[in-house]
Amino acid sequence: MRKKTFIFIRIIFIFLVLLFLFQFAPPTFPRTFWGKSENEVFIVGQDLSQQALIEELHSRGFIRNPAAFKLILKIQNWENQIKPGGYLISKGMSVLEIAENLVIPSPQKWVQIPEGLRKEEVVKILQLNLNWQDFQKKDFLQRAKEGYLFPDTYLFPLDWSGSNVAERLEGQFVYEFKENSDKDFNSDTVILASLVQREAANKTEMPQIAGIILKRYQKNFLLQVDAALQYALGVPKKWWPVVWPEDRKIDSLYNTYRYLGYPPTPICSPGPEAIKAAINPQETDYLYYLHDGNRKIHYARTYKEHLINIDKYLR
203 MRKKTFIFIR IIFIFLVLLF LFQFAPPTFP RTFWGKSENE VFIVGQDLSQ
253 QALIEELHSR GFIRNPAAFK LILKIQNWEN QIKPGGYLIS KGMSVLEIAE
303 NLVIPSPQKW VQIPEGLRKE EVVKILQLNL NWQDFQKKDF LQRAKEGYLF
353 PDTYLFPLDW SGSNVAERLE GQFVYEFKEN SDKDFNSDTV ILASLVQREA
403 ANKTEMPQIA GIILKRYQKN FLLQVDAALQ YALGVPKKWW PVVWPEDRKI
453 DSLYNTYRYL GYPPTPICSP GPEAIKAAIN PQETDYLYYL HDGNRKIHYA
503 RTYKEHLINI DKYLR
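Just add 202 to wherever you are in the sequence shown, counting from 1, and you've got the numbering used here.
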């Protein structure tokens, strides 16, 4: 009787051990052999917590048991070591293999491109985040079109060339433009959007500023946009310098104090709100605007009113 009881206990013990180990096995086991499933890209978002990450792995069928994955991370001292990026894993991997693939440096990296930057500023961000060499930076600058590098957060493969990244940013720009407009893609609208992006202190002002700049353009007035002049004056480490009265005399097509019409190219990459404002500018009675020292905007209908605003808010 004791012998039968001992055997029964051993069977139960072995069953429990196998059941425990089964939680660490690939989800496809035993239907397929180990590691035979196709690799899939698993994206770890920038703000994804470890708990949310484990829940997503479980819901997508990469792991059987969240507790087993947590245990592996704890045993291996890998807790909170999984960084944002894109990883190749499969449902044919064990829990340990999944964890190992997620803690190694990702072959893809998240990069955030802010609004209102010229391409030299964009390439600096890319170089820092993607560990580019100078030849990759040069490749990007040769391919990139000023104003068409859509500001957003991207997941870039680390083996992409500068041209690949430039094409991705430009493709996203064209997509976003068409999403916000039923009009034909127009370079003048992109230039206007870039001026609005740099001139506006906030998104609320953008439609009014777009309307004023467009009205001045249509009336054949000098646009007198400081941001365009800043673009002409910009140098490394100081791409957007303060504009002084004497700067308005420089000979540059970006000097809209001397030359009529839009500058020859966009001056930065505008964001969605600036694009929308340029596509649908707000009509007003105003022809002038300025920002005071607190970046509050003041509009004027006539040049005389504008001079009063200058005297009141800028002197």
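By construction, the Cβ of each residue, glycine as well, lies at the ideal position given by its N, Cα and C atoms.
Between the alpha carbons of R262 and A269 lies a distance of about 16 Å. The segment 289-302 makes no contact with the segment 339-348, as fewer than three CB pairs between them are under 8 Å. Spatial neighbours of Y456 in its own chain (CB-CB distance under 8 Å, excluding positions within 5 residues in sequence) are listed in chain order as A430, L431, Y433, A434, P465, P466 and I469.
A residue is called buried when at least 16 other Cβ atoms come within 10 angstroms of its Cβ; Q253 does not meet this threshold and is exposed.
Residue burial annotation: V444 is exposed, with fewer than 16 other C-beta atoms found within 10 angstroms of its C-beta. The continuous alpha helix (DSSP H) containing E323 extends over residues K321 to L332. Taken in chain order, the unbroken stretches of beta strand (DSSP E) that lie wholly in the segment 444-494 and span 3 residues or more are 490-493. Per DSSP, reduced to three states, the secondary structure at Y501 is strand. Boundaries of the beta strand (DSSP E) around K311: Q310 to Q314. Beta-bridge annotation (DSSP): Y289 is paired with F244. Residue nearest to P309 within the set F337, K285, K272 and A480 is K285 (criterion: CA-CA distance). Here D390 is exposed. Its C-beta has fewer than 16 other C-beta atoms within 10 Å. Between the segment 274-285 and the segment 323-335 there are fewer than three C-beta pairs closer than 8 Å, too few to call the two in contact.
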